[in-house]
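Top to bottom, those sequences are chains A and B. For what it's worth, this note's numbering labels the leading residue of the first sequence as 2, then goes sequentially. For what it's worth, this note's numbering labels the leading residue of the second sequence as 896, then goes sequentially. Glycine residues also receive a C-beta, built at the ideal position from the N, C-alpha and C atoms.
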Amino acid sequence: MMHILKNRILKGVVTKHIQSELSEEIETTGLELKSLIQKKFGRSLHIREVDTGSCGACESEIISANNPIYDLQRFGISFVASPRHADALLVTGPVSKNMLIALRKTYEAMPEPKFVITCGDCALDGGLFKGSYYVEGAVKDILLVALHIPGCPPSPLSIIQVLLEFLRKETLR
Amino acid sequence: MDSSELISGIKKKLPDFNALSASQNYPDEICIKVTQQIFKDTCHALYKMFSFPVMMFFALDERKERGRFVINSVFLDFRSAKWFIVSADIPQENPCFDSLAKSMHSASLFEREIREMFGIEPKDSPDLRRLNLHDEVWPFGSYPLRKDFKAAEGGDVRDYKFGRVDGEGVFEVPVGPVHAGIIGPGHFRFSVAGEPIINLELRLGFTHRGVEKLFEGKAYSGAIRLSECISGDSSFAHSLAFTHALEKISGVSIFAQVAYLRGVFLELERMYNHVNDIGGIAIDVGFSFPAAYASIIKEAILQLNEKLSGNRYLKNVNILGGVLADIDEAKKQILLDSLKNLKQDFKELAKMLYSSVSFMDRVDATGVLRRKTAEDLGVVGLAGRASGIPIDLRKHFSWVYKEAKFKIAIQESGDVLARLRIRIFEFEESCRLIEEFVGKLSIDGKIRVSAILKEGSALGYAEGWRGPVLYWLKTDSAGLIERCKIVDPSFHNWQALSYAVLGEIIPDFPLCNKSFDLSYSGNDL
């Protein structure tokens, strides 16, 4: 226990002030957004992630966006274990034929209101796997997609940045 | 061991053995061609000779050029550091071969794959169910890896039959394909009686994207980018194995500088994944502080990767004949400084875990994979080493690792703790290796040699962080890819998970699963 306490104190707060990383003032936007999200989604925005055939790099970066350094949760956005708890569906991968039913079922299991976000180049149009015999391709041909996060994989910073900008527009609308 | 020694070795086990031809195309690769009738016995003899399971087993469609299919099986003899490829022709009328799976279980999954992809029937196979082409969505009778395949047509679809355990008080718990975490898709069906798991059936293939077909007809430069997206956490190992096959075919020898640089990047990939899994094991027993601590270390390595190569996942580094990212004096300093901090942080992390009694209690003797089971299933890499199988391609094949006096990690107990200990040992060893390699880098070392891809075939390999990543590659006269067979270590190791969890309780499943941390996309292709 003492060892853990020692390391806790030595490490201190590692969370990045994203403001200093980019020219836009994401940090302040994020905090102002937090109050907007609180009003619109009832305290926080919950996201359910579904992998429809990604290579795993997008998942790794989404997990990284939740690590103590980027700490997406401080803006009131969290990832949940069940579609029943989710406001948004985050889809990665080029939609393998085997995942089509699971993707639809996950979406159907979510309560209204709900929207879909795609993450990574594969989810946009199949990416490198476009044209394969076993790939359905663009998620937008299957579900109505509200937002796309580009990249292969998108970095945690761009995941946060794109998400926050979109939510600001949406919540102010 | 050369080809004549090999043949006399087989003759001891198989007196009337006769090879149609035997050739050594590369110093580390010997091919023997046999008839379809003795293919099974030859493979079995090699299996006994090397006491090591089949590493690859796959088919080719050569009907258009030569009117036949070909099946190849690949064995490894780590003592003499050689790969042996047994090859047999299969006539295109009534394509079939004698199943190897009954006497050599490690061939079972490969046979099912050959059957679903090519329509070549393994006779008397104990299991004929399809792997990646799911019965519910893909019609029977459409074989995507045949050269004349255009699109799926006709045929029935039907429901998949899971193995069942019947009896009083036995009930099933189906999990997936969509899991609770941010993770790939797979279906796990547990049969439990009371608390303990008495059977676990895995159904994978959910991330099947038809990768091997996508390789066909591609030029190598595009294909390297594709190889980086087979399994996102092993981008570098995959592109390295693929480039290795390309370089063998083109006959180029790379500069020493390139070999060291590749060593550095391969170890960096190992480090970020190992620390990620150590954090994952901690989170799966609810020990959140070390998990957060590990994610900080992982992030530091990913940022280091970006500084050195321009990409957090080391993509766009490998190229035929060399690498695209050099480590100059400034980068060298960044790397060495970061390593110093990483080592210090990692030491603290390991101490946190080892000194927690409740943590050690959860991981000790949990999820045991016995050595015999591991050998029968053909378990490789990290999971194999944790069960006492002392194989690491870095040790047997790579001169840069030999020069750096690489130490192999080995454990006997095969439980979650053993796999954790392997990771901790390997992380520390990787730090040391990187320091060795960096010390050998020269300031103006050349990082690329020009090469032209010609016609040929070769086996490329690299020891990724999970285990050996294998690429068998065949190119045509225009330098385009004719066939590319990929085996990620996950393909061998997934089955081991269903044995390791037997007798454990379902709440310990995530822990066991994370201790293997296998790739869904690398398995499903």
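Less than 7 Å between CB atoms is the rule here; does I1077(B) satisfy it with respect to chain E?
Within the model displayed, chain E is absent; protein chains A and B are what it includes.
Give, in chain order, every residue of the stretch 1079-1093 of chain B whose Cβ lies closer than 9 Å to some Cβ of chain A.
G1079, P1080
Exposed or buried, which one is A1395(B) when buried takes at least 16 other CB atoms within 10 Å?
A1395(B) comes out buried.
Quick check for students: name the residue ranges of the alpha helix (DSSP H) that lie wholly in the stretch 1129-1180 of chain B, counting only runs of 4 or more.
1130-1145, 1151-1179
Nearest chain A C-beta to E1243(B) closer than 7 Å, yes or no?
yes
Taking only beta-carbon atoms, is I1381(B) less than 7 Å away from chain A?
Between I1381(B) and chain A, the shortest Cβ-Cβ separation is not below 7 Å.
For H47(A), which residues in the same chain have their Cβ closer than 7 Å to its Cβ, ignoring the five residues on either side in sequence?
S79, V81, H86, A87, D88
Interface residues of chain A around F1184(B) at Cβ under 9 Å?
For a Cβ distance threshold of 9 Å, residue set I5, N8, R9 of chain A lies close to F1184(B), ordered along the chain.
Please give me, in chain order, every unbroken run of the beta strand (DSSP E) with length at least 3 that falls completely inside the stretch 27-96 of chain A.
Here the runs fully enclosed are 46-52, 78-80, 89-93.
Just the chain B side, please: which residues come within less than 7 Å of E50(A) by C-beta, in chain order?
Neighbours of E50(A) across chain B, judged by C-beta separation under 7 Å: I1077.
Are P155(A) and F130(A) close, meaning C-beta to C-beta below 7 Å?
no
According to the Cβ coordinates, are V163(A) and I150(A) closer than 7 Å?
yes
Please classify C991(B): does DSSP put it in a helix, a strand, or coil?
Strand.
With DSSP as the reference, label V1065(B) as helix, strand or coil.
It is a strand residue.
Please determine, among D972(B), F1101(B), R958(B), the residue with the shortest C-alpha to C-alpha distance to R1025(B).
F1101(B)
Along the stretch 1222-1243 of chain B, where does the CB come closer than 9 Å to a CB of chain A? Name the residues.
Along the stretch 1222-1243 of chain B, going in chain order, the ones with a CB nearer than 9 Å to a CB of chain A are D1240, E1243.
Spell out whether any CB of chain B is found under 7 Å from the CB atom of G177(A).
Missing from the structure shown is residue 177(A); chain A here goes from 2 to 174 and no further.
In the DSSP output, what is S998(B) paired with across the bridge?
None; S998(B) has no bridge partner.
Would you call H1103(B) buried or exposed, if buried means 16 or more other Cβ atoms sit within 10 Å of its Cβ?
Residue environment: H1103(B) is assigned as buried (16 or more neighbouring CB atoms within 10 Å of its CB, all protein chains considered).
Any C-beta of chain B sitting closer than 7 Å to the C-beta of A58(A)?
The beta carbon of A58(A) sits closer than 7 Å to some beta carbon of chain B.
Going along the chain, which residues of the stretch 1202-1220 of chain B sit with their C-beta nearer than 9 Å to a C-beta in chain A?
R1207, Y1208, K1210
According to the neighbour-count rule (16 or more other Cβ atoms, all chains shown, within 10 Å of its Cβ), is Q1390(B) buried or exposed?
buried
Should L1023(B) go down as buried or exposed, given a rule of 16 or more other Cβ atoms within 10 Å for buried?
Counting Cβ neighbours within 10 Å, L1023(B) comes out exposed, since fewer than 16 surround it.
If I follow the unbroken alpha helix (DSSP H) through H1291(B), where does it start and stop?
Residue range 1288-1292 is occupied by the alpha helix (DSSP H) that includes H1291(B).
Can you find a CB in chain B that lies within less than 7 Å of the CB of M111(A)?
no
To the nearest angstrom, report how far apart S21(A) and V1032(B) are at their CA atoms.
Reliability of the predicted coordinates at S21(A) is poor, the pLDDT of 44 falling under 50, and no value is obtained from them.
I'd like to know whether the C-beta of L23(A) is nearer than 7 Å to at least one C-beta of chain B.
Annotation note: pLDDT 46 at L23(A) (below 50); position unreliable, coordinate value reported separately. By this cut-off, L23(A) is not an interface position.
In whole angstroms, give me the CA-to-CA distance for K959(B) and C1379(B).
18 Å
Counting only beta-carbon atoms, is L148(A) nearer than 7 Å to chain B?
no
For L1129(B) and D911(B), I'd like the C-alpha separation in whole angstroms.
Per the sequence shown, residue 1129(B) should be read as Ser rather than Leu. Whole-angstrom Cα-Cα distance: 44 Å.
Note the first and the last residue of the continuous alpha helix (DSSP H) segment covering H4(A).
3-12
Examine chain A for any beta-carbon lying closer than 7 Å to the beta-carbon of I1196(B), and answer yes or no.
no
Could you check whether the Cβ of V15(A) sits closer than 7 Å to any Cβ belonging to chain B?
yes
By the DSSP assignment, the beta strand (DSSP E) with M951(B) in it spans what residues?
951-957
On the criterion of 16 or more Cβ atoms from any shown chain inside 10 Å, does S1345(B) qualify as buried, or is it exposed?
exposed
For F1137(B) and A1118(B), which I take to be in contact (beta-carbon distance under 8 Å), what is that distance rounded to the nearest angstrom?
7 Å
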